[in-house]
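Here is the structure we will look at, set down as structure tokens.
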Amino acid sequence: MSGSVISYEAKKQKTVALSSTEAEYMALSESCKEGIYLRNILSELIYLDKNVPMCLYSDNQSSIKLASNPLFNRFEAKLNYFEAPVSKYP
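Numbering (the working numbering), first residue to last: 352 to 441.
Below, the structure is given as structure tokens:
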């Protein structure tokens, strides 16, 4: 909200990642779930269109490529919470 932090959490991950890319992807997925939750709360408090895309920033290039790969389905059942295709911010 206005460029400031509205949610912060530090905890152990529930699963073991075999690489730093998997760990970053898991964190990105958890962030996406948190964003969806916060967007739903805001849409109930104020008028907010749920169809507007959410911007989620990541600085790990490997996890960005993994999230934007449409053929990737290894973690899809548990971790893939991305509603729309991931794209680079222009």
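Quick reminder that beta carbons are idealized off the backbone N, C-alpha and C, glycines included.
Note that the coordinates shown come from a computational prediction; the quantities given were computed from them, not determined experimentally.
Between residue 375 and residue 363, what straight-line distance do the alpha-carbon atoms span, to the nearest angstrom?
For this step, residue 375 is matched to residue 24 along the sequence shown. For this step, residue 363 is matched to residue 12 along the sequence shown. The straight-line gap from Cα to Cα measures roughly 13 Å.
State the start and end residues of the unbroken alpha helix (DSSP H) segment that holds residue 362.
What you label residue 362 is simply residue 11 of the sequence shown in a count that begins at 1. No alpha helix (DSSP H) contains residue 362, which DSSP labels as neither H nor E.
May I ask you to report which of helix, strand or coil DSSP gives residue 405?
Looking up residue 405 in the sequence shown gives position 54. In this structure, residue 405 counts as coil in the three-state DSSP scheme.
Anyone know if the C-beta pair for residue 401 and residue 394 falls short of 8 Å?
Mapped onto the sequence shown, residue 401 falls at position 50. Mapped onto the sequence shown, residue 394 falls at position 43. In contact: residue 401 and residue 394 (Cβ atoms closer than 8 Å).
So, are the CB atoms of residue 366 and residue 413 less than 8 Å apart?
Counting from one through the sequence shown, the residue named residue 366 turns up at place 15. Counting from one through the sequence shown, the residue named residue 413 turns up at place 62. The Cβ-Cβ distance between residue 366 and residue 413 does not fall below 8 Å.
Where residue 418 falls, given that 16 or more other Cβ within 10 Å makes a residue buried
Counting from one through the sequence shown, the residue named residue 418 turns up at place 67. Classification of residue 418: buried, given that the 10 Å Cβ count is 16 or more.
When burial is assigned at 16 or more other CB atoms within 10 Å of the CB, is residue 369 buried or exposed?
As a first step, residue 369 is located in the sequence shown; it is residue number 18 there, counting from the start. Burial call: exposed.
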